[in-house]
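One structure is given below, encoded as structure tokens.
Protein chains in written order, with my numbering: chain A, 246 to 472; chain B, 156 to 807.
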């Protein structure tokens, strides 16, 4: 079985993960699902792999032996806007996932996810759906509220530009945070079930930092780089 | 205030003295009293010398001493100064007749007649024409004022050679009439002497009285603001009386006069009694009830004078008032002497010396009245008394100002101390806050430890054990997966969800779905009300952990033991008697299990432990767990409390 994109090409994935067993596990799951997988253990290897050509999907861990995955995500987003970027996380913690989103990631994958779930997540991503967890939705909504109530002390964690989110998008995030399914959210809000994943992808795009200076600023803010 | 402080300082030595034998006490008194008395003796000498200096000198070359006096129809020659013998002769006053020589060639300026001292009033005529009538100037007739008079003689009246001068002396007693030497000469020669006397006996008393009235106002205000200290009020009253006496114009017989004015002039006994009262209070003693007797003469003079009218007040004043003044002065001297012996402070010394001066002046005046000394009827006690009152008032004001300074510095100390106390309080508050934070952190750590120990710790140990025995595959995988799930649960529960349990359940739903997906079990999630569960502002992370673990346990049971195909989670809110109440149900379609005691032996132990854990956790956060199981499935109902408990009371 071979996974193919809308154009019928084989979907290529660049997997950047320094822990060998984890790398094997993910690679196995993806290869079994029919993807073409290249793997890299360091930031340097990932860069040379990228130099060879753009993958359809980039899956990257954040903490790498020779640098931070954030840099790789930012570079990839700038050089290959069409590449889907997903961050691999051990715990799916909001801070690392949100940091990745602000530089261009549109999804995340848990390292211990079941093989079928790994394949499904990548397929959904390529189909234009971004995965989001209840805790990440909660995190984003909390930032929106923190920005609205300027008198209240902002919650700890990375700053997030949520000003561009629409009320509908915030409603969707609330639904996810409270554990409602996409179908339930769609029926509550009077949307079609198919539009909810698109909204989520939009939310991710809106959270992404666009200009270079903004990126540097955000990175400094988040303590990812030091000037 | 300072009185109290002074009292304290005097008490201490007194107590010490009373314990000590009598002889040292006597010695102490003597050692203090003798120098003081010597000092007073010196002051007496100084006062007498001062009075001698006060005696003004008059231009003797223009003195007229040889007069003939006609009284009661009898004429005889007299030499001025002269006392009349009669006491009441207003209708036919004694008439002094003398001559002086005027030479027009000598007269560069006009001539005047100058009378340095007389009592009570005079009418001066030159060659039969009146040039001076002192009755028109009421103040000139007061015996205590020593007022001189001068009058210019119109040059048309003066004849070359001998001129006649007649002086009519009006006396309204009770003192004898007195006429000092009369001076007639060029105005330029007489006026300096007149002005010296005016300065000494008219201007100076007015200055003193003005000063006294200012002090009276100050002291009255002090007393009004500090009623607890009558000492100011008493002195203010004394000063007011003195000022009134100084400024009320005396009535001149036989003119119809206000009786009140006449009586006020005789207020000296009241004034002196007030001064004694002031002295007693000032030195911190109680004013004895019998002290009221001191006011009796003053009141008698006042009342009798009002009823009887003149000349009664004057007579009473002479026989009753003046001795009272003397008595008061002696009492005051006694009081100050005791104060000096006991306190040895500047105030008592000053007042004591002032009293001695007034006393000397009073005795001098008495001797003058009794004609035992001849000082031309110059009375000095009123003058010295005014000066003393001014000194006392100034001293009191100074003492008051010093007390204010003490209060200021005390206030300054208080401010410093309050600031220090504030600093200490702040520091202790910070310490307390730190301790509370540390305690909360320790509590949180204990709970987290217990949860990690129950879950993650056990699972990791199990992984270690399995891998050591060479196990592979599913068992290790399950244990590791459970460990990760637990880690996520603990991390997730630490997040601030603002009391909305739905947010925690949302994450749990994701984890549970992921857990069930490989087993092909569907998780049916039903939220009966839009809001889900009521908000619990008191919800803490450890409550969340307990609830989520109960739900985990229910799902794990359904998967592992009941072989369910379908699990439904229902979240609803029902209205209890005290408000909305959350209810979470987990229902499966498995084959159920028999409650402890009836089940199969192999499974009962583990299930029973799991159920006991669930009940414990529910009890810890005040929830009610209801569990029903039969062949058609199991239903776990968790009824949330109205309010989650603060402390982990049921922990164990």
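Even glycine gets a Cβ: it sits at the ideal position worked out from N, Cα and C. Keep in mind it's a predicted model, so treat the numbers as computed, not measured.
| query | result |
| --- | --- |
| According to DSSP, simplified to helix, strand and coil, what is residue 867 (chain B)? | Not covered by the structure: residue 867 (chain B). The range shown for chain B is 156 to 807. |
| Using the Cβ count rule (16 or more neighbours within 10 Å means buried), how would you classify residue 691 (chain B)? | buried |
| Taking 8 Å as the threshold (C-beta atoms), are residue 496 (chain B) and residue 188 (chain B) in contact? | yes |
| Output needed for residue 475 (chain B): all residues of its chain with C-beta closer than 8 Å, excluding positions within five of it in sequence on either side, in chain order. | 424, 452, 455, 456 |
| Based on Cα-Cα distance, which residue from B:282, B:239, B:266 lies nearest to residue 332 (chain B)? | B:239 |
| Kindly indicate which three-state DSSP category residue 516 (chain B) falls into: helix, strand or coil? | helix |
| Strictly below 9 Å CB to CB, what residues from chain B border residue 443 (chain A)? | None at all; the shortest Cβ gap to chain B is about 20 Å. |
| Output, in chain order, the set of chain B residues within a Cβ distance shorter than 7 Å of residue 383 (chain A). | 658 |
| Classify residue 500 (chain B) as helix, strand or coil using the three-state DSSP reduction. | coil |
| Looking at chain B, which residues of the region 407-424 of chain A have a Cβ within less than 8 Å of any of its Cβ atoms? | 421, 422, 423, 424 |
| Would you report the Cα separation of residue 694 (chain B) and residue 263 (chain A), rounded to the nearest angstrom? | 40 Å |
| Classify residue 270 (chain B) as helix, strand or coil using the three-state DSSP reduction. | strand |
| Using DSSP with H/G/I as helix, E/B as strand and the rest coil, what is residue 226 (chain B)? | strand |
| Return the first residue and the last residue of the beta strand (DSSP E) that residue 633 (chain B) is part of. | Per DSSP, residue 633 (chain B) belongs to no beta strand (DSSP E); it is in the alpha helix (DSSP H), 629-648. |
| Please confirm if residue 643 (chain B) has its CB atom under 8 Å from at least one CB of chain A. | yes |
| So does the region 371-381 of chain A actually touch the region 348-363 of chain A, counting three or more Cβ pairs closer than 8 Å? | yes |
| Could you spell out the range, first to last residue, of the alpha helix (DSSP H) harbouring residue 268 (chain A)? | 265-277 |
| So with CB distances below 9 Å, who are the chain A contacts of residue 669 (chain B)? | 355, 358, 359, 362 |
| Within the 8 Å Cβ cut-off, does residue 379 (chain A) reach chain B? | yes |
| Return yes when the Cβ of residue 338 (chain B) is within less than 8 Å of the Cβ of residue 218 (chain B), no when it is not. | yes |
| Quick one, which residues of the region 665-689 of chain B are near chain A if we go by CB-CB under 8 Å, in chain order? | 665, 669, 672, 673, 680, 682, 685, 687 |
| By DSSP, does residue 376 (chain A) sit in helix, in strand, or in coil? | coil |
| Cβ atoms of residue 373 (chain A) and residue 424 (chain A): under 8 Å apart, would you say? | no |
| Compare the beta carbon distance of residue 785 (chain B) and residue 734 (chain B) with 8 Å and say whether it is the shorter of the two. | no |
| Looking at the secondary structure, which residues open and close the beta strand (DSSP E) in which residue 724 (chain B) lies? | 721-731 |
| Compare the C-beta of residue 790 (chain B) with all C-beta atoms of chain A and state if any pair is closer than 8 Å. | no |
| Counting C-beta neighbours from all protein chains within 10 Å, is the total for residue 532 (chain B) 16 or more, i.e. buried, or is it exposed? | buried |
| For residue 530 (chain B), I'd like the list of residues in its chain whose CB is within less than 7 Å of its CB, leaving aside the five on either flank, ordered along the chain. | 210, 523 |
| Taking Cβ-Cβ distances shorter than 8 Å, what residues in chain B pair up with residue 338 (chain A)? | 646 |
| Taking the runs of the beta strand (DSSP E) that are 3 residues or longer, which of them lie wholly in the region 177-241 of chain B? | 221-226, 229-234 |
| Residues of chain A with CB under 9 Å from residue 662 (chain B), in chain order? | 378, 379, 380, 383, 422, 424 |
| Output the boundary residues of the alpha helix (DSSP H) element that contains residue 387 (chain B). | 385-402 |
| Hey, out of B:258, B:334, B:688, whose CA is closest to residue 736 (chain B)'s CA? | B:688 |
| Report the residue ranges of all alpha helix (DSSP H) runs contained in full by the region 755-793 of chain B; include only those spanning at least 4 residues, in chain order. | 756-775 |
| Starting from residue 382 (chain B), find everything on chain A with Cβ-Cβ shorter than 7 Å and list it in chain order. | Neighbours of residue 382 (chain B) on chain A: none; closest Cβ ~53 Å, over 7 Å. |
| Would you report the Cα separation of residue 752 (chain B) and residue 764 (chain B), rounded to the nearest angstrom? | Residue placement at residue 752 (chain B) is poorly supported in this model, since its pLDDT is 43, which falls under 50; the coordinates still yield a value, given next. Their backbone Cα atoms lie some 12 Å apart in a straight line. |
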